[in-house]
């Protein structure tokens with residue numbers, strides 16, 4: 001438990017918008033764009049402080065003092081989510097306009113689809129654990145920040161466990177006053193209720209049913225969230241050490257696996273992956289539907 005008093009890292013992919021190449025990040029990581037923004041070719045690759053290409057899924061340490069992430073692509077770059085061959089955009093379900101926090105994932109975690117959770121009675125969704133960062137700054141996609149864990153929401157997405165960790169950037173002015181989920185409820189009244197409402201209804205415009213939640217939609221506290229993150233970190237360890245079948249996941253990494261292991265990716269191999277992708281080009285226009293409101297009456 002002592003280790004989890006330290007902040008953890010969060011890789012943010014809330015805003016899929018054009019960014020400058022090699023933009024510096026809070027934790028000495030940088031990114032390189034490839035392909036054309038707002039198209040299926042777009043990818044955002046990561047580098048460490050030595051300029052070495054890395055996987056944000058596997059190579060960024062979970063402990064911070066040491067986008068969707070494309071878990072099936074080599075080096076796991078951030079890409080825009082795709083549904084039925086088209087880019088997927090988050091609908092504006094009234095009264096919400098897009099995301100209401102900085103949305104991302106905690107590296108070196110994995111929600112194992114082969115593990116049925118005792119609390120949710122559902123298996124994991126085969127992705128890193130999600131994080132909602134509730135600080136004052138609107139981050140850019142690809143930012144890597146240190147966050148303080150505050151609590152967690154247990155969402156059930158089409159029969160899969162999809163934990164949503166609530167956290168705040170350790171550098172946020174309000175971080176010193178927010179130490180548990182009860183502090184969020186006290187100092188940001190309505191925020192947690194809006195978060196449940198957002199996750200419950202955001203897929204309805206796509207013709208999907210409302211999402212469900214374990215614990216009747218109640219947030220669990222910091223200690224529960226920490227244990228949940230520890231469990232998903234354990235599942236990731238089993239994945240990267242080949243104790244668990246990776247399936248279609250791409251576990252190639254440049255920093256974690258040993259040189260003779262099947263998941264080890266050399267610097268030259270990583271460079272070839274990036275150079276083999278489409279060069280950065282002009283952004284395509286965003287569909288008009290992105291700026292439309294969707295309204296439906298709550299049940």
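In the numbering used here, the protein residues as written are 1 to 299.
A virtual CB, placed ideally from N, CA and C, is assigned to each residue, including glycine.
- In the displayed model, residue 63 falls within a strand according to three-state DSSP.
- The beta carbon of residue 296 is closer than 7 Å to those of 204 in its chain, skipping five residues each way along the sequence.
- The shortest CA-to-CA distance from residue 181 to any of 81, 144 and 148 is the one to 148.
- Per DSSP, reduced to three states, the secondary structure at residue 221 is coil, with no helix or strand assignment.
- Ranked by Cα distance from residue 57, the options 170, 227, 144 and 195 are led by 144.
- Counting only the Cα atoms, residue 39 lies some 9 Å from residue 86.
- For residue 31, the pairing in a beta bridge is given by DSSP as 46.
- Less than 8 Å separates the beta-carbon of residue 69 from that of residue 11.
- The three-state reading of DSSP puts residue 192 in helix, counting H, G and I together.
- Residue 71 and residue 253 have their C-alpha atoms roughly 12 Å apart.
- Distance from the CA of residue 172 to the CA of residue 81, rounded to the nearest whole angstrom, comes to 28 Å.
- The beta carbons of residue 111 and residue 232 sit closer together than 8 Å.
- Taking a 10 Å sphere around the C-beta of residue 190, we find fewer than 16 other C-beta atoms and assign the residue as exposed.
- Within its own chain, the residues whose Cβ lies closer than 8 Å to the Cβ of residue 239, once the five positions on either side in sequence are excluded, are 110, 112, 246, 249 and 251, listed in chain order.
- When only Cα atoms are considered, residue 153 and residue 123 end up about 15 Å apart.
- If you compare the alpha carbons of 106, 224, 127 and 136 with that of residue 114, the shortest gap goes to 127.
- Secondary structure of residue 288 (DSSP, three-state): helix.
- Contact annotation: residue 150 and residue 168 have beta-carbon atoms nearer than 8 Å.
- A straight-line Cα-Cα distance of about 15 Å links residue 272 and residue 35.
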